[in-house]
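A.B. asks:
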Amino acid sequence: MSVKYREHKGLNLPSVAKEVLEKWKLENTFEESVSTRDENKPFVFFEGPPSANGMPGIHHVMGRAIKDIFCRYKTLKGYRVERKAGWDTHGLPVELSVEKELGITKEDIGTKITIEEYNAACKKTVMRYTDVWNKLTEEMGYWVDMSDPYVTYENKYIESVWWLLKEIYNKDLMYKGYTIQPYSPKAGTGLSSHEINQPGCYQDVTDTTVVAQFKAKKNDVLPENTYFLAWTTTPWTLPSNTALCVGPKIEYVLVKTFNQYTGDAVNLVLARPLIGKQLSGKYAVADEELTMEGFSLGDKKIPYTLEKEFIGSDLVGITYEQLLPYTLPHENPEKAFQVISGNFVTTEDGTGIVHIAPTFGQDDAQVAKDFGVPPMLVLDENENPVPLINLQGKFRPEMDEFAGLYVKNEYYNDGEAPDKSVDVLIAIKLKEENKAFKVEKYVHSYPHCWRTDKPILYYPLDSWFIKITENKGRMAELNKTINWKPKSTGEGRFGNWLEGANDWNLSRSRFWGIPIPIWRTEDRTEQICIGSAEELKNECQKAIDAGLMDENPLAGFEVGNMDKANYETFDFHKNYVDAIILVSPSGKPMTREADLIDVWFDSGSMPIAQRHYPFENKELVDEKGFGQADFIAEGVDQTRGWFYTLHAIASMVFDRTAYKNVISNGLVLDKNGVKMSKRIGNAVEPFENLSTYGADATRWYMITNAQPWDNLKFDLDGITEVQRKFFGTLYNTYGFFSLYANVDEFSYSEEEIPLNNRPEIDRWVTSKLNSLIKDVGEAFESYEPTKAGRLIQGFVTDQMSNWYVRLCRRRFWRGDYSEDKIAAYQTLYTCLETVAVLSSPIAPFYSDQLFNDLNKVSKRYSEKSVHLTTFPTIDENAIDIDLEERMSIAQKVCSMVLSLRKKENIKVRQPLQKIMVPVLDQNFARRIEAVKDLILSEVNVKELELLEDTTGVLVKKIKPNFKTIGKKYGKHMKAIIAITNQWSQDNIIAVDKNKGWTGEIEGDSIALETEDFEISTDDIPGWLVATEGNYTVALDETISPALKNEGIAREFVNRIQNLRKESGLEVTDRIELQIKSDDKINLAINDNLNYICSETLANSLDLVEEVKGEKLVFEVEEGVSTELTLSKV
RNA sequence: AGUCCCUUAGCUCAGUUGGUUAGAGCGCUACACUGAUAAUGUAGAGGUCCGCAGUUCAAAUCUGCGAGGGACUACCA
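Position in the first sequence (first residue = 1) + 625 = my numbering.
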């Protein structure tokens, strides 16, 4: 007894997944799928490290399915695809969750709790959900090596990160500079944007605001004695003003009037739309009564006149006198105090001219930098550039009468604040000096420190930067070599981002992360960047020799020993390295720069850090290309995250891209298109989903429903549909195959029957199959998984199941085990097997079961899993486009005939005599002749007649071919349509005969050829006709007595088959039949006796007067009933 | 505010280099078929291809300006 194909009781995808998963574990399938591939043919994949301190969501299933698909596909193509898992372990979210758990704040770190304890807590927290992640990874069928992941907090990883940073440092691409950051002088700390966005931070406050008058220096555009008006809500920043900013397209006016505080005649510049706002109250347009000449200070009304107009760009470059000249910027003072322009300027409030203090505003700093205007920085006692306000929030000594005052009264201790704030004092001074146009109180919203409840300042804080700007061009150039999916993300979003990229601020004032490995002397004249444990150990030794340290923290570390244990003898985190004091070449002590490295640098370092390069795996990275991924995939939100940092680091350090192909996938939304969130409660729980529908259906749905880069509206009904339509059909097809293959004991042991000896339909489906292999391969190659999935699905449901199997059913269960039958088995087997392999990247579980169900019997493959096989090769000879075309004609014609039957209410079971198809050309005649038998049996008609139009009975239709005519005579298109529409049958026949038409239209001579027309048959008078596109079919609906009887016989067969099934007979059981005799049916039965018997496997059929036993009574046609009974032989 | 994506039937989506009757599946209605039955066929209903303007003989498709939805980044004198 040979092995049988496994027969399943029903399709349960979750349990298939479970079973297959067990098998994979038992057989180490994943490991084998890597190890059996050629070591010299690697496909490099980088896993973006998730943060394990949060639970995974359904969108992770999406992202990981995409990664998995291409890794599996490339494995099928013979590549060795190593996939190392990784964990992102540092960063603010971890710290915040720890602070919350411990009930502490950032300030308590180092006081209430040591940094060491704090970091230990972070380390513990961060890997909290690894088990859950591992479980998801396994259940969704994502193959990635979780046994040896890279972890960003491990010393080896950090050492590689330091090495990278030092490379950048050595290329002189790092500097310490400042950015304007929210700063709380009372707390003495910078605030992250995250902290500023906490509720309650923005509070309404009343501030003294000033519209200041900046006196223009002599220029060609403006008259003398002209002032620019600029409004500020922070007068304390006015001494730090170094520029004024106008909107380049905004209209400005020159106004002649008087200052309300001094009475001086002045010319003012402001934006036209804001005249009404600024020149309000006392101000009024001058007229006959209110003259410019008659004004004196104290008058109720102040006259003004409009003198001139400009647009912003006219004003750019004009210089002005410094408003409050206490000091000058230490750098490029000659470039200060000029008008510049920026697109952020609006005319919603103020004057349309913005006061720029680059030391106290983010926009200000940026626009000033763009125009080369220096910030108001002065040199302090140590020759270091500092702003006019110190870290306590007080004015520096340069500010004369203001020196030592807090810029905001809120910073004084209770009861110590002076009556007049700095803002008020400055306002008074400006009024007296004819420099204030207007002083007002103003209520607005201003951010406050959430710890001290005092207003914050935007303040320049020192940070370490990487000079991205210097490298921008090269980064953009390299970006062009990356294959982005979709293209627009790479060219648009990413490309633009690169173009506008600023220097990368590396510094983070946190605790849990990789420390910046730079040590500096106190006077900032000497510094060192550490690039390895070895270097640090040596530097420590020097410091010990110089007497700065007592013992070497890396004493236990053995240089060159890459053992894990050796790398655990020390710790690179802040709590350890901050204690290290190094010695400078001149013998001065150097302390570590306090900040940590931005966590994005951690993950961007992973291409080499995951392999501890260059300390280990040097050959792998340098020679085998493991430092550069062939493929990565993450969410589109990583464009400026991981995608960027990978690219930046790789281009700076190695002058190459970090990845060659990248898919940025969209979001997973709920079925209404709303972002999933736990708060709204519309998040889909991934585990529940996987256990309900199975990973295969979920993955297939996600991939085929929308392109990965479009957002996915996640709808459970969609998964059900996939389950039923795709997997259900595939399962049914296998079920059909196995049922009969087991009966016939087909095990693919016969010689492969040459394609030429197989019937048309076999060659057709084989051709389709090979086209499918080709198209699916191309889709995977170009990173289009959606296309691949849809192609496979289309083949399975439309071609293989609904056409091939439907038309071939009887070949499987009728007759002997002949060559035709074997051909059918071989053909269907090959289709199923190939589909299993093609779909395995997307549906890894079911495809593996299908593959094994087939292979266990045939033993065609020695591999135990579909994932260990290779992608099918295309048999180009099997692809026959003409054949595919022929079959598509057959499908079309069948559908038309069935539609005609439907219209006339003639059952398909009732045979008809004839259909006629007009042939338009010989090619068509040949094609339809080839598929004639298929059509006839499918639509149950006896003959097909090709109708050559010799008689002229066919009514023809002519349609111009717009595509070809358009190219030649586009202009006359409308006229040509008008003419052809009017053509009679004779005209059309003439065009056909003459192979074209020539004539004159609108004065031009026109020559049209055969290809410029489509002639089709419209109607055959006197027949039942269906027309679709170019095809026309006529059906002879006459039912002769013989046909009628045959119909009745078929009716019997149908009933008997149903009865067989109901009686629980095996498909191979033989039967005996008794039918109640009736004049109306006897002839029908006797005429078709052989047919009925052979169809129903009946040994005998008796017409009897009385049917005994359990009998079926049914109506053959209206008014004619009979009884039948069947018994197993 | 900038950048990018999306908008086609009730729903989910196709729609090639512009070509004149815009398609599929699901859902709905009706009728069939069935030795694959958690299938299948046929027919019907269902469209301002988001809007406006432009280019063109011809626009769902190309260009511009808008609208709505989404994402990212940044800021407000």
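Backbone N, C-alpha and C fix where the C-beta goes; we use that ideal spot for every residue, glycine too.
Treat the numbers as computed from the prediction; the structure is a model and nothing was measured.
To the nearest angstrom, how far is it from the Cα of Met917 to the Cα of Pro898?
C.D. replies: Cα to Cα, the separation comes out at about 23 Å.
A.B. asks: By how many angstroms is the C-alpha of Leu1050 removed from the C-alpha of Asn1096?
C.D. replies: In a straight line, the C-alpha of Asn1096 is about 47 Å away from that of Leu1050.
A.B. asks: Could you please give the first and the last residue of the uninterrupted alpha helix (DSSP H) stretch that includes Trp712?
C.D. replies: First-last for Trp712: 709 to 712, but that is the beta strand (DSSP E), not the alpha helix (DSSP H).
A.B. asks: Taking 8 Å as the threshold, find out whether the stretch 1166 to 1174 comes into contact with the stretch 1219 to 1230 through three or more Cβ pairs.
C.D. replies: They do not touch, by the three-pair rule.
A.B. asks: Taking Cβ positions, are Phe1361 and Arg1281 nearer each other than 9 Å?
C.D. replies: Taking 9 Å as the Cβ cut-off, Phe1361 and Arg1281 do not qualify as a contacting pair.
A.B. asks: By a C-beta neighbour count over all protein chains shown, 10 Å radius and 16 as the cutoff for buried, is Arg1217 buried or exposed?
C.D. replies: Buried, by the Cβ-count rule.
A.B. asks: With distances taken Cα to Cα, identify the nearest neighbour of Phe670 among Gly977, Asn1009, Asp1196, Tyr698.
C.D. replies: Nearest option by C-alpha distance: Tyr698.
A.B. asks: Would you call Ala890 buried or exposed, if buried means 16 or more other Cβ atoms sit within 10 Å of its Cβ?
C.D. replies: With fewer than 16 Cβ atoms within 10 Å of its Cβ, Ala890 is classed as exposed.
A.B. asks: When DSSP labels each residue in this structure, what does Ala1190 get in the three-state scheme?
C.D. replies: It is coil, neither helix nor strand.
A.B. asks: Closest to Lys1539 by C-alpha separation, out of Lys1567, Ile1514, Arg1551, would be which residue?
C.D. replies: Measuring from the Cα of Lys1539, the nearest candidate turns out to be Lys1567.
A.B. asks: Whose CA, out of Asp1423, Asp1369, Glu1403, Pro1410, lies closest to the CA of Val1390?
C.D. replies: If we check each option's Cα against that of Val1390, Asp1423 comes out closest.
A.B. asks: Taking Cβ positions, are Trp861 and Asp1048 nearer each other than 9 Å?
C.D. replies: The answer is yes: Cβ separation under 9 Å.
A.B. asks: Among Lys1338, Ile1398, Met680, Ala1449, which one has its Cα closest to the Cα of Ala1503?
C.D. replies: Of Lys1338, Ile1398, Met680, Ala1449, the residue nearest in Cα terms is Ile1398.
A.B. asks: Tell me which residue opens and which closes the alpha helix (DSSP H) that Thr1270 is part of.
C.D. replies: Segment 1267 to 1279, the alpha helix (DSSP H) holding Thr1270.
A.B. asks: Per DSSP, what kind of secondary structure is Gly923 in: helix, strand or coil?
C.D. replies: DSSP places Gly923 in coil when its eight states are reduced to three.
A.B. asks: Excluding the five sequence neighbours on either side, which residues of its own chain have a C-beta within less than 7 Å of the C-beta of Phe920, listed in chain order?
C.D. replies: Result list for Phe920: Phe883, Ile927, Pro928, in chain order.
A.B. asks: Count the other C-beta atoms from every protein chain shown that fall within 10 angstroms of the C-beta of Thr1551, then say buried if there are 16 or more, exposed otherwise.
C.D. replies: For the sequence presented, residue 1551 should be read as Arg rather than Thr. Label assigned to Arg1551: exposed.
A.B. asks: Can you list, in chain order, the stretches of the beta strand (DSSP E) that have 3 or more residues and sit fully within the stretch 1585 to 1659?
C.D. replies: Counting whole runs of 3 or more residues, the stretch 1585 to 1659 contains the beta strand (DSSP E) stretches 1621 to 1626, 1629 to 1634, 1638 to 1644, 1649 to 1653.
A.B. asks: Does the contact criterion of 3 or more C-beta pairs under 8 Å hold for the stretch 1452 to 1468 versus the stretch 1405 to 1418?
C.D. replies: Yes: the two stretches touch, three or more of their Cβ pairs being nearer than 8 Å.
A.B. asks: Does the Cβ of Lys1393 have 16 or more other Cβ atoms within 10 Å, making it buried, or fewer, making it exposed?
C.D. replies: Lys1393 should be labelled buried.
A.B. asks: Note down the Cα distance separating Pro1142 from Ala1234, rounded to an integer number of angstroms.
C.D. replies: Cα to Cα, Pro1142 sits roughly 16 Å from Ala1234.
A.B. asks: In chain order, what are the residue ranges of uninterrupted beta strand (DSSP E) at least 3 long that sit wholly in the stretch 833 to 859?
C.D. replies: You should have 851 to 857.
A.B. asks: Name the residue from Trp649, Phe1312, Ala1254, Ala1461 whose alpha carbon lies nearest to the alpha carbon of Leu1355.
C.D. replies: Measuring from the Cα of Leu1355, the nearest candidate turns out to be Ala1461.
A.B. asks: Taking a contact to mean a Cβ-Cβ separation below 9 Å, would you say Asn1367 touches Glu647 in this structure?
C.D. replies: No, they are not a contact pair.
A.B. asks: Quickly, what does DSSP pair Leu1698 with across the bridge? List them, please.
C.D. replies: According to DSSP, which records beta bridges pairwise, Leu1698 is partnered with Leu1726, Leu1751.
A.B. asks: Between which residues of its own chain and Ile783 is the CB-CB distance below 6 Å, once the five residues before and five after are set aside?
C.D. replies: Here the set comprises Ile1139, Phe1197.
A.B. asks: Mapping the DSSP letters down to three states, classify Asn1395 as helix, strand or coil.
C.D. replies: Correct three-state label for Asn1395: helix.
A.B. asks: Report yes if the C-beta distance between Thr867 and Pro999 is below 9 Å; otherwise report no.
C.D. replies: Contact flag set, yes.
A.B. asks: I'd like the list of long-range same chain contacts for Phe1020, defined as Cβ closer than 7 Å, with 5 residues on each side in sequence excluded.
C.D. replies: The residues are Leu1013, Ile1014, Phe1027, Ala1028, Gly1029, Leu1030, Val1032.
A.B. asks: Would you give the residue range spanned by the alpha helix (DSSP H) that Arg1551 belongs to?
C.D. replies: First-last of the alpha helix (DSSP H) with Arg1551: 1547 to 1555.
A.B. asks: Sorted by chain position, which residues of the same chain lie with C-beta nearer than 7 Å to Glu1570's C-beta, five sequence neighbours on each side aside?
C.D. replies: Result list for Glu1570: Lys1539, Met1541, in chain order.
A.B. asks: Do Ile1553 and Ile1514 have their C-beta atoms closer together than 9 Å?
C.D. replies: Closer than 9 Å, so yes.
A.B. asks: Do Thr1459 and Pro639 have their CB atoms nearer than 9 Å?
C.D. replies: For Thr1459 and Pro639, no; Cβs fall outside 9 Å.
A.B. asks: What residue ranges within the stretch 1328 to 1382 form continuous beta strand (DSSP E) runs of no fewer than 3 residues, ordered along the chain?
C.D. replies: Counting whole runs of 3 or more residues, the stretch 1328 to 1382 contains the beta strand (DSSP E) stretches 1337 to 1339.
A.B. asks: Using a 10 Å radius around the Cβ and a threshold of 16 neighbouring Cβ atoms, would you call Thr1270 buried or exposed?
C.D. replies: Result: buried.
A.B. asks: Within its chain, find whatever has a CB closer than 7 Å to the CB of Leu1123; leave out the 5 residues flanking it on each side and keep chain order.
C.D. replies: Excluding residues within five positions, the ones whose Cβ falls inside 7 Å are Lys1097, Met1100, Ala1101, Asn1104.
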